Every structure is written in C-alpha cells, then in structure tokens.
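Asker:
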Amino acid sequence: MSPTTGSEHRSPHVLTPSSDESLTIEWAGGKGKNLHTLTASGFQVPRWSIIGLDVFAEFCRDSGLDERLARLLADGWESNPGQVAAEAARLIEAAPLDDHLTDAIGLAYGLAGGGAVAVRSSGAQEDGARHSFAGQFDSFLNIRGLGEVIAHVRRCWASAFSERSLRYRARHRLPPDAGGVAVIVQRMVAAERSGVLFTADPTTGRTDRQVVSAVHGLGEGLVSGAVDADTVVLDATTGEALTTVIGDQLERYDAGSGPGCQVSAVTGEDRAALSLTAADLARLHEAGVRATALLGAPQDIEWAIAEGALWILQSRPITAPAPVAGPTAEPEGELRIWDNSNIIESFSGVVSPLTYSFAADTYAKVYDSYARALGVRGERLREVQEWTPHLLGHVHGRVYYNLLHWYRMVRLAPLYPLNRRVLEKSLGVAESISDEVADTLHPFTPRPGVRGQVARLARTVIFATRFLTIRKSVETFHRDFYRAYAVFNNVDYDALPGDETYRRFRRLQRELIEKWGPMQTLDATILLSVGLLALLTRRWLPEAPEWFTWAAAAPGEAVESAEPVWALLELAAQARADTDILRLLERTPDAEAHRALRDAGHTRFLAAVDAYIADYGYRSPDELKLEVPDLHENPAGLFALLRDTLPDTADGGTPDRGGDADAYLDEQLRGPRRLLYERVRGKARAALADRERLRFCRTRAFGAAKRMLRALGRDLARAGAIDAWDDVFLLRLEEIRGAYEGMIAHTELRDLVVLRRRQQAADASLHAPARFTTRGAPYWSGNLERAGWTGGPAARSGARELSGVPCCPGVAEGPAVVTDFPRDIGGGILLAYRTDPGWVTALSSAAALVIERGSPLTHVAVVARELGIPTVVQVKGATTEIRTGALLRVDGAAGTVTVLADPPPDTPAADPDSPRTETQ
Numbered sequence: 054m055s056p057t058t059g060s061e062h063r064s065p066h067v068l069t070p071s072s073d074e075s076l077t078i079e080w081a082g083g084k085g086k087n088l089h090t091l092t093a094s095g096f097q098v099p100r101w102s103i104i105g106l107d108v109f110a111e112f113c114r115d116s117g118l119d120e121r122l123a124r125l126l127a128d129g130w131e132s133n134p135g136q137v138a139a140e141a142a143r144l145i146e147a148a149p150l151d152d153h154l155t156d157a158i159g160l161a162y163g164l165a166g167g168g169a170v171a172v173r174s175s176g177a178q179e180d181g182a183r184h185s186f187a188g189q190f191d192s193f194l195n196i197r198g199l200g201e202v203i204a205h206v207r208r209c210w211a212s213a214f215s216e217r218s219l220r221y222r223a224r225h226r227l228p229p230d231a232g233g234v235a236v237i238v239q240r241m242v243a244a245e246r247s248g249v250l251f252t253a254d255p256t257t258g259r260t261d262r263q264v265v266s267a268v269h270g271l272g273e274g275l276v277s278g279a280v281d282a283d284t285v286v287l288d289a290t291t292g293e294a295l296t297t298v299i300g301d302q303l304e305r306y307d308a309g310s311g312p313g314c315q316v317s318a319v320t321g322e323d324r325a326a327l328s329l330t331a332a333d334l335a336r337l338h339e340a341g342v343r344a345t346a347l348l349g350a351p352q353d354i355e356w357a358i359a360e361g362a363l364w365i366l367q368s369r370p371i372t373a374p375a376p377v378a379g380p381t382a383e384p385e386g387e388l389r390i391w392d393n394s395n396i397i398e399s400f401s402g403v404v405s406p407l408t409y410s411f412a413a414d415t416y417a418k419v420y421d422s423y424a425r426a427l428g429v430r431g432e433r434l435r436e437v438q439e440w441t442p443h444l445l446g447h448v449h450g451r452v453y454y455n456l457l458h459w460y461r462m463v464r465l466a467p468l469y470p471l472n473r474r475v476l477e478k479s480l481g482v483a484e485s486i487s488d489e490v491a492d493t494l495h496p497f498t499p500r501p502g503v504r505g506q507v508a509r510l511a512r513t514v515i516f517a518t519r520f521l522t523i524r525k526s527v528e529t530f531h532r533d534f535y536r537a538y539a540v541f542n543n544v545d546y547d548a549l550p551g552d553e554t555y556r557r558f559r560r561l562q563r564e565l566i567e568k569w570g571p572m573q574t575l576d577a578t579i580l581l582s583v584g585l586l587a588l589l590t591r592r593w594l595p596e597a598p599e600w601f602t603w604a605a606a607a608p609g610e611a612v613e614s615a616e617p618v619w620a621l622l623e624l625a626a627q628a629r630a631d632t633d634i635l636r637l638l639e640r641t642p643d644a645e646a647h648r649a650l651r652d653a654g655h656t657r658f659l660a661a662v663d664a665y666i667a668d669y670g671y672r673s674p675d676e677l678k679l680e681v682p683d684l685h686e687n688p689a690g691l692f693a694l695l696r697d698t699l700p701d702t703a704d705g706g707t708p709d710r711g712g713d714a715d716a717y718l719d720e721q722l723r724g725p726r727r728l729l730y731e732r733v734r735g736k737a738r739a740a741l742a743d744r745e746r747l748r749f750c751r752t753r754a755f756g757a758a759k760r761m762l763r764a765l766g767r768d769l770a771r772a773g774a775i776d777a778w779d780d781v782f783l784l785r786l787e788e789i790r791g792a793y794e795g796m797i798a799h800t801e802l803r804d805l806v807v808l809r810r811r812q813q814a815a816d817a818s819l820h821a822p823a824r825f826t827t828r829g830a831p832y833w834s835g836n837l838e839r840a841g842w843t844g845g846p847a848a849r850s851g852a853r854e855l856s857g858v859p860c861c862p863g864v865a866e867g868p869a870v871v872t873d874f875p876r877d878i879g880g881g882i883l884l885a886y887r888t889d890p891g892w893v894t895a896l897s898s899a900a901a902l903v904i905e906r907g908s909p910l911t912h913v914a915v916v917a918r919e920l921g922i923p924t925v926v927q928v929k930g931a932t933t934e935i936r937t938g939a940l941l942r943v944d945g946a947a948g949t950v951t952v953l954a955d956p957p958p959d960t961p962a963a964d965p966d967s968p969r970t971e972t973q
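Start counting the sequence shown at 54; every next residue gets the next number (our numbering).
Okay, structure coming up:
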C-alpha cells in the first residue's frame, strides 16, 4: 500500500504532506488538516502521516462495532457518560483489526520514519468553526514499535467516546456520534526546549499580544503542569518582550526507553536563566504571525527547538474569550477578599490539585478541631463547619487565603480587636479591613442576652486555661507526635497493597493531623502575647525603633528551625577538613555528588550526609507541595546548598539580637513596668520557639503524607487508572478517596488528568495579583478580569531606595542575588519574592535577607533573627526594581534597601527585566 493519490478512494487513506489537499480536508480531521496546511506553507514540521477517518470507519464496519456502539450510544448516554466511555473503550480494544488495516497503520508508521513517534488524535469535528473540542481527544508521546503504535491508535479511537468528550457533547447539545477520529503519527523531536505559543492573549482575546510558555526538554512537563514554565509576553506587532517571568523549573521531561517520558533534574545554571534566547523569541514571533495569517485566526501552537531548529508540532485555533469591550458593572453577591500574603511561603506559584485539596482538607480538619477544643458545640459548631473547609481558595492554580474566614477564626479566641491587628501583621497583608467590616465577622451567629454572655465567658475560661498551660500541651503533643510519626515514617509504602496504604493514610490524617486542632491555641497565644508586647512597647517605649519589638520577641533559645543551618555548617566544616572531599564537591555536578562520594570511598562523610537527609530531608524548598520531590528523593539540592556553604565565612560568632533588645530595655525601662514587660516578652518568645517546633512537626507530617500519596499514585498507575504515577498530582484528594472507597469509577481518573493538564498549562501563563476581591461566584461576572489577572507586571520605576518592615537590625553591603530558589548566594544579599521553611539552609551563606512578601513572623525571618542576619521584609517591588549583581546596602534597623550601583552590563540576570511577583 502506498500513500493515497486522487485515484485511491477504495483503499484506507494514509495521508502525507504530498496528499491532495481535498483528501486531507475530507479524511485528516481538524488537527491533521492544519498540519497539512502548515507543512505545505513551508513551516518546519516533524515528519508525519495520518491514518484517515475512513480507517476507523472501516474498522467499525468490518468488526461489527458499528451496531454495538450504536446500541451503547442510544438514548440515555448523557446520564452515565463514564460507564458508556468505559464500555466503548473495552469494545474498541477487543475488536479484531483486519490485516489490511494493520498494514495501513504499519504504512503510516513507516512513512513517519519509524522509531519513536507521537500518536495524536485528530477528530473529525475538532477545531471546527463552532466547537473546538480542545483537549477532548488523546495524544501519546514516545511510542516505539508497530505493536505499541497499533495499541495507541486504538486508544486514540476510543478517546472519541471518552467521558470528557461525551460530556462536552452533552454540554453543547451535540449527538454522541463523534464522526470518527483520524490519527496522526509524527516523528518525535529530541527537544532541548519546547512549549506553547499563543498568538493572542488566551485569557482576554487581546490580539496585540503573543504569549510564549517554555520549558527545558519535551513539552509534557508544561502540559502536565509539573514544571513551572518560563513565560514571555511579546508585542504582537514588533515581537518586543513586554514581560518576562522565569519559572522555577526543577525538572525536565525527555523521551525514555519506553512509552512516555523520563524525568531528570534541571541544572542550577539552566534554572536561573530564561530558557529562550532573543533569537528564539524572534523566530517564535515570526512563526506566530505567519500561522495566524495563514490559518485565519489566533493560534495555540505547540513547538520544539532541537539542534538549533524550530519545529512546529501542531496548531489549533485559540479557545479564548472575546476581548472585554469596557468596564463591567460590579456584580452582586458575597464579598470575598483573597490574599496570598504568608500562604505563598508554603504554596508558591501554580500548585497541583492534589496539594491544594490536601492542604484545604487539612486546614478544615485542624480548625474544626480547634473550635471543638474551645468548647464550641451543637449548632454553633455546625456554623463553624460551614466555613472551615473554605479557609483556602485555589484560583487559577494559586493558593490564596479566603481572608474574611481567617478573621472569623481569630474571633474564636478573646480580645478580637487586638488579635485581628496582629493577625494582619503576622500574615503580612498589605491593608487592613475596615472596622465596620471586621465587626460583622463572627465564627457563628452570636447568642443574645445572658446565654450568649455565659457562652462567651465559658470560651474565654477555656482559652485562658489553654493559654496558661500551652507549653505543657506542646510538650505532650510533641512527644505523642513523634511516637506516632516513627510508626508512619518507617514503612515501605510501595511494598504494601494500595488499599492498605490508603487505610494508613486515613489513619495518619486521624492520628497526626486531626489532633493538631488544640495546638492552634499556640497561634492564638502568639497573636495575643506579641500583640500585648507591641502595645506595651508603644505605650512605655514610644521612641523604640521599629525593629525592636520583633527582636525583643525573638526566641531566647535556639529555635528548631535553625537546626538545618547548624547541621549544614557542620557538614561544610567536615568537607573543608578533607581536601579530597572538598575537591570532589567543587567539581562534581549536584546530581552525581552522592554517587561520587560513595564511589570514592568517603563513607564517613557520606554517612553524615545521609544522617542530615534522614533528619532534615523533608525540610526543603516547596516542602509542602506534594508534587515537589524533597531531599530524600533528590539529594542534589543539598549538595548545591553545601557548595555555597563551603567557603569559610565565619566572623567570630552570631550577633545576639536578643542582647540588643536587652541593652535597650536596660536603658529605657525599669521597675514594675520592666517586670511586667519581661513576663509578656517571655510568653511571646516561648510561644514563637514552640511554633517553630510544631512547624517542623508539620513538615514531617506532610513528608509522610507525600510518601503515601506517591505510593498511591504508583498503585493507581499499576492498575491502569492513570497513565503515569505522577498523574496523581492532577487529581484531588476526594477523587483519590473516591477511587479507593468506591465513590468514583477508576476509569474517570485518566480523563480528569487530561483536563487538569490543559487547565494548568493555561493557568501557568497568567499573571496573578497578590490580593483581590470578588463578589458572588469568583470565576464569574468578570471578577477575575477586574482583579487584574490578565494584566502584565509593573515596569521598573528606577527607585534607588526601597523601604519595608525592619525585621532584624544590622547593616550589610554586597551584591544582590535575586532568586526563586535557595542557592547560589555565595555571601551576597539574598532577594526573594517569597520564601518557605526550606530556605533556612541558604541563610548560612547570605550577608542579608530581603523578602518582597511575608512578614516578621515568616519562618525564615524568625531564623534570620536567630542567626543575626540583617533582614527586611514586605519590600514592595524589590524583585522588580533590583537585578542580580546590583551592589546593595541593607539596613535591617531602618528597613531600607539602597541600590549603590547597578550590575555590570554583562552580568547574567536571574530575573531578566521582570518581577517574580507575577508568577505567584
């Protein structure tokens, strides 16, 4: 059989670039037709062939599938699309495939060049004028061998009747008959970089913008949402880069030895720089302009760069809203304030559905338990349970505080007017809510009269008791936690049956997480004690510098969160004492260092490294994001931090910032006032130290849950419910629970994964505001458009001095290191948009710390005070105005950051011309 020509209408159609255009229009499906047009117009497209729509039609006719599918898709398919989809897939998988159709698929595979290919669906109605069917059909990468190609062609055919496709048809009132699916067989490109080009803004429909998203390796990392892509917004006319955001690309996806992809770490050098050159952007802009003109509409183009060549993999019309014509009226409905202050420390950037749903479920359980611990019962508890599941929001993949609920939570404890002000300080929110709004917020409907007064008094007594005994409660919790944690952590979950791992996960939730509620009294204790300390400072020490209160409240004992820093310094000292180890670490790539130490026989030092990972392996950047591997899984990050710590920068000890506060107090405050002040101060210091201990418990609890959920992902992949184990991160916790509890068909999960991948890819290209309000349903009525989700980042103002909140006194000068990741500090001044507890190990090599978001109670800020590192937080525009290499002067007492000199022209920037704020 040969490729068809105009006279070969009786044979199954295998189409190639040389096929007549009329045949392509008739038999290639929407995606295939576009591919033919692009190739004929001179675009560089990987070698391809198309198994025509008639091949599927003949397959159905000859195997008797026609009648069986017709019966299956009779009336009633809309009510149970999951069951219909599963049965259709089973029928297509089991139906016999005639030899001449097998030969047609073999011919298509050969015409595409054989070897590794992508197998992509091309629906008959896909990319149509009225309905795009975007994301409704399946594609598969790195398929090798005729047998695997045939199997994946069947899967493409079956995707015409997938649950998501059927739901799409039901939603648009279309008949269930898909009109068939053609299949593209396309040579795989060994992509060095790849991504998506939108030739108009996909969120607003603006045609004066192009949006480029790029990752290292294959585009699967971008489409799956596993990799935080680089994003560049271009002027559609000139190609000028208007905004540039460097994503935190921890991993890259490349073709493996079998179907799918293999994952490897991205080097620090590649992560710090934009993955695209100016020449790459110019070629992409030109290709976008040409494709839009050729295909007559803005395009969603998948591309790859390999060996210097730009390859266009496929193109489809953008499914996007029409441009907003003008301002819309403010919608009616419930007011919500969304703010990512402080929560960005734990959940930065785009967060997987599994991470968000696990976090939201955890917060709900903890604060429900907290209310119970304060004696809330009956109808009032049921009212509390209406809002505790919604303490967090998940807006276009980002996690936000649903802020008004947090004021409700604070009101569970007494002294609400004081506590809510301290809450705002501790969260680092940019603005306070009005007293009028604050007064309307209650955890439940207040009881009038004597009964209400008695209930409030009872709750106050319970809180006071817990407040006074909190240290003892923390000690008891700490002991019980580690006793239970030892049981959960010392298990090989991959060796257990999936349902047993699931049962243990549920036990972990009950025994480690749900018992956390009473410990939230500690957070209330911090709010109250720090609030009282700040109040006494204002009244008795009105001339005290702004940094004083935070220095006075700094824990008087070594906080547990600082332990990884000391342990890392000890590792560095051991390495410096052995020139062979020092040389090996300096010359070996991070990903190979562990093996190199073992091969070189440095068993003693390797044992110290392994002990560090055993003790602190869960404390790593983005430690609460389930999709991000920790040091147990990927120790490369430890060696990167260790290398930065190798230079001996010891300066004779750590400054005692608590001593600074003592000296000031000795000068300014004596007698009974000093005694009372010290009593309140001691409570605040002890509470903050205890909070750091509990934060380490939280890290380990999340680490144990992360291991279990990863094991469940592997179990679901083995069962065929999902294609790859890490697809589990694209599911929500309730969907995993449903799969094991019999509340959701496992056949639904694969479709959900595909849907979420596409959504995450779209979300990753958006610019997210730090704070915004909505009324009514947040995604409707133009709420998000008004909030600035489609706007670009602010331009540099050229300011030479920035101000923030003083956090730790001291003055430091040095080069700026603007980074998304705790590495490559080298004695410079660390500037970050946000930090999380995993950043503490980077402090050992930082001269000063500047954080754009966060608060003085941010974990890294607390540890920085313990280490005596000059620190300023809430420095608006820090990562917009300051570039890596600029010479800075940081005054931690005044809260100022001064640019003394711009970076040299040839200094590579970690954040070329764009703020980190826009990716959060």
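Virtual Cβ for every residue (Gly too), placed ideally from N, Cα, C. Keep in mind that this is a model prediction, so the values were computed, not measured.
Taking the alpha helix (DSSP H) that Pro406 falls in, what are its first and last residues?
Answerer: Position 353 of the sequence shown holds residue 406. Per DSSP, Pro406 belongs to the alpha helix (DSSP H) from 406-426.
Asker: Hey, which unbroken runs of the alpha helix (DSSP H) at 4 residues or more fall wholly within the region 585-616?
Answerer: If we require 4 residues or more, the alpha helix (DSSP H) runs fully inside the region 585-616 come out as 601-606.
Asker: Given a cut-off of 8 Å, decide if Thr260 and Pro351 are closer than it, judged by their beta-carbon atoms.
Answerer: Against the sequence shown, residue 351 aligns to sequence position 298. Against the sequence shown, residue 260 aligns to sequence position 207. Yes; because the gap between Cβ atoms is below 8 Å, this pair is in contact.
Asker: Tell me, please, whether the CB atom of Gln367 is closer than 8 Å to any CB atom in chain B?
Answerer: Structure shown: chain B not included; a single protein chain is present.
Asker: Check whether the region 753-766 and the region 543-556 touch, using three or more Cβ-Cβ pairs below 8 Å as the test.
Answerer: Taking 8 Å as the limit for Cβ pairs, the verdict is that the region 543-556 does touch the region 753-766.
Asker: How far does the alpha helix (DSSP H) with Ala764 in it extend, from its first residue to its last?
Answerer: Here residue 764 is taken as the residue at index 711 of the sequence shown, counted from 1. Note, Ala764: alpha helix (DSSP H), 724-771.
Asker: Helix, strand or coil, according to DSSP, for Ile299 in the structure here?
Answerer: Translated into the one-based positions of the sequence shown, residue 299 becomes position 246. In this structure, Ile299 counts as coil in the three-state DSSP scheme.
Asker: Expressed to the nearest angstrom, what Euclidean distance is found between the alpha-carbon atoms of His647 and Glu680?
Answerer: By 1-based counting over the sequence shown, the position of residue 647 is 594. By 1-based counting over the sequence shown, the position of residue 680 is 627. Looking at the two C-alpha atoms, the distance is approximately 23 Å.
Asker: Report the partner residues of Val67 according to the DSSP bridge assignment.
Answerer: Here residue 67 refers to the residue found at position 14 when the sequence shown is read from its first residue. Per DSSP, Ile104.
Asker: Where Lys678 and Glu74 are concerned, what is the direct C-alpha to C-alpha distance, given to the nearest angstrom?
Answerer: What you label residue 678 is simply residue 625 of the sequence shown in a count that begins at 1. What you label residue 74 is simply residue 21 of the sequence shown in a count that begins at 1. Going by the C-alpha atoms only, they are around 49 Å apart.
Asker: Which value, in whole angstroms, describes the spacing of the CA atoms of Asp955 and Gly921?
Answerer: Counting from 1 along the sequence shown, the entry for residue 955 is found at position 902. Counting from 1 along the sequence shown, the entry for residue 921 is found at position 868. For Asp955 and Gly921, the distance between alpha carbons rounds to 27 Å.
Asker: Can you tell me the Cβ-Cβ gap for Val490 and Glu355, rounded? I've got them flagged as a contact below 8 Å.
Answerer: Position 437 of the sequence shown holds residue 490. Position 302 of the sequence shown holds residue 355. The pair is not a contact, with the Cβ atoms about 46 Å apart (cut-off 8 Å).
Asker: DSSP state of Thr924, grouped into three classes?
Answerer: Indexing the sequence shown from 1 puts residue 924 at position 871. Three-state result, Thr924: strand.
Asker: Run through the DSSP bridge pairs and tell me what Arg305 is partnered with.
Answerer: Here the question's residue 305 lines up with position 252 in the sequence shown. DSSP output for Arg305 lists Ser317 as bridge partner(s).
Asker: Would Ser673 and Leu659 be called neighbours here (beta carbons separated by less than 8 Å)?
Answerer: The count along the sequence shown starts at 1 and reaches residue 673 at position 620. The count along the sequence shown starts at 1 and reaches residue 659 at position 606. Contact: no.
Asker: In chain order, what residues of the same chain lie with their CB nearer than 6 Å to the CB of Ala914, ignoring the 5 residues before and after it?
Answerer: Looking up residue 914 in the sequence shown gives position 861. Around Ala914: Cys860, Thr924, Val926.
Asker: How many angstroms separate the CA atom of Leu154 from the CA atom of Asp254?
Answerer: Working through the sequence shown from its first residue, we reach residue 154 at position 101. Working through the sequence shown from its first residue, we reach residue 254 at position 201. Straight-line Cα distance between these residues: approximately 42 Å.
Asker: Give the single residue among Arg744, Ala147, Gly166 whose Cα lies nearest to the Cα of Thr574.
Answerer: Here residue 574 corresponds to residue number 521 of the sequence shown, with the count starting at 1. Answer by Cα proximity: Arg744.
Asker: Is Tyr162 closer than 8 Å to Val98 when the C-beta atoms are compared?
Answerer: Here residue 98 is taken as the residue at index 45 of the sequence shown, counted from 1. Here residue 162 is taken as the residue at index 109 of the sequence shown, counted from 1. The answer is no: Cβ separation not under 8 Å.
Asker: According to DSSP, is Phe825 part of a helix, a strand, or is it coil?
Answerer: Against the sequence shown, residue 825 aligns to sequence position 772. Phe825 falls in the strand class under three-state DSSP.
Asker: Select from Leu160, Pro134, Val242, Val67 the residue whose C-alpha is nearest the C-alpha of Ala223.
Answerer: Numbered from its first residue, the sequence shown carries residue 223 at position 170. Ranking Leu160, Pro134, Val242, Val67 by Cα distance to Ala223 puts Pro134 first.
Asker: Restricting to Cα atoms, I'd like to know which of Gly446, Glu564, Arg435, Thr498 is closest to Arg464.
Answerer: Numbered from 1 along the sequence shown, position 411 holds the residue referred to as residue 464. If we check each option's Cα against that of Arg464, Thr498 comes out closest.
Asker: What number of angstroms, rounded off, separates the C-alpha of Val726 from the C-alpha of Trp600?
Answerer: Here residue 726 corresponds to residue number 673 of the sequence shown, with the count starting at 1. Here residue 600 corresponds to residue number 547 of the sequence shown, with the count starting at 1. As written in the sequence, residue 726 is Arg, which differs from the Val given in the question. So the two alpha carbons sit approximately 20 Å from each other.
Asker: Rounded to whole angstroms, what's the CA-CA distance from Ala714 to Leu722? Just pull it up for me.
Answerer: Position 661 of the sequence shown, counted from the start, is the residue given in the question as residue 714. Position 669 of the sequence shown, counted from the start, is the residue given in the question as residue 722. If you take the alpha carbons of Ala714 and Leu722, they lie about 11 Å apart.
Asker: Mapping DSSP to helix, strand and coil, what is Asn87?
Answerer: Indexing the sequence shown from 1 puts residue 87 at position 34. The answer is helix: DSSP assigns Asn87 an H, G or I state.
Asker: Cβ atoms of Thr800 and Ala138: under 8 Å apart, would you say?
Answerer: As a position in the sequence shown, residue 138 is number 85, starting the count at 1. As a position in the sequence shown, residue 800 is number 747, starting the count at 1. Contact: yes.
Asker: Would you check whether the ligand GDP has a heavy atom nearer than 7 Å to the C-beta of Ala840?
Answerer: The model depicted lacks the ligand GDP and carries no ligand whatsoever.
Asker: Could you pull the DSSP bridge partners for Ala123 from this structure?
Answerer: Here residue 123 refers to the residue found at position 70 of the sequence shown. Beta-bridge pairing links Ala123 to no other residue.
Asker: Would you give the residue range spanned by the alpha helix (DSSP H) that Trp391 belongs to?
Answerer: Stepping through the sequence shown from its first residue, residue 391 is reached at position 338. Element bounds for Trp391: not the alpha helix (DSSP H) but the beta strand (DSSP E), 388-392.
Asker: Within 10 angstroms of the Cβ of Pro571, are there 16 or more other Cβ atoms? Answer buried if so, exposed if not.
Answerer: As a position in the sequence shown, residue 571 is number 518, starting the count at 1. Its Cβ being crowded by 16 or more others within 10 Å, Pro571 is buried.
Asker: Do Trp778 and Ala770 have their CB atoms nearer than 8 Å?
Answerer: On the sequence shown, position 725 is the one that residue 778 refers to. On the sequence shown, position 717 is the one that residue 770 refers to. Contact flag set, yes.
Asker: Across the region 429-449 and the region 812-831, are there enough close Cβ pairs to call them in contact, namely three or more that are closer than 8 Å?
Answerer: Cβ pair count under 8 Å is three or more, so yes.
Asker: Taking its Cβ as the centre, do 16 or more other Cβ atoms sit within 10 Å of Asp704, making it buried, or is it exposed?
Answerer: Locating residue 704 in the sequence shown gives position 651, where the first residue counts as 1. With a pLDDT of only 45 at Asp704, under the threshold of 50, the placement of this residue in the model should not be trusted; the figure read from the coordinates follows. It counts as exposed.
Asker: Under the rule that 16 or more other beta-carbon atoms within 10 Å means buried, what is Pro329, buried or exposed?
Answerer: Along the sequence shown, one-based indexing puts residue 329 at 276. Per the sequence presented here, residue 329 reads as Leu, with Pro not at that position. By the neighbour-count rule (16 or more Cβ atoms within 10 Å), Leu329 is buried.
Asker: Count the other CB atoms, across all protein chains shown, that sit within 10 Å of the CB of Glu788; report buried if there are 16 or more and exposed otherwise.
Answerer: Indexing the sequence shown from 1 puts residue 788 at position 735. When all chains shown are included, Glu788 counts as buried.
Asker: Out of Trp833, Ser368, Gly270, which one is the CA nearest neighbour of Ser175?
Answerer: As a first step, residue 175 must be located in the sequence shown, where it is residue number 122. Nearest option by C-alpha distance: Ser368.
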